[in-house]
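In this note's numbering, the protein residues as written are 548 to 638.
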């Protein structure tokens, strides 16, 4: 059996937040090759401003995909992820 409390203030759901992409991109861009190329270019420009050495390492790995040993490739990906993952204090 449920008992309703008429004096309780009803809860209203929070207004949904609208998620927006940066760099002038839309969600539709993520479904098109040209949009993905724009996203990649924006990311590479951002990375070049943030960490030029990491940007060059990524460019080298992309230019010669088979050159990195699996462990070195994993290390590069881990470093990229760590650069941009929110740190515990920022969550």
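Even for Gly, the Cβ is constructed at its ideal location relative to N, Cα and C.
Alpha helix (DSSP H) segment containing residue i, residue limits
i           : result
residue 573 : Residue 573 -> no alpha helix (DSSP H), and no H or E assigned at all.
residue 606 : 599-610
residue 628 : 617-631
Close-in-space but distant-in-sequence residues of the same chain around residue i (CB under 6 Å, 5 per side omitted)
i           : result
residue 582 : 576
Inter-residue CB distance, residue i and residue j (contact presumed, cutoff 8 Å)
i           : j           : result
residue 608 : residue 615 : 5 Å
residue 623 : residue 605 : 7 Å
Neighbourhood of residue i by C-beta distance below 8 Å, restricted to the same chain and skipping five residues each side
i           : result
residue 631 : none
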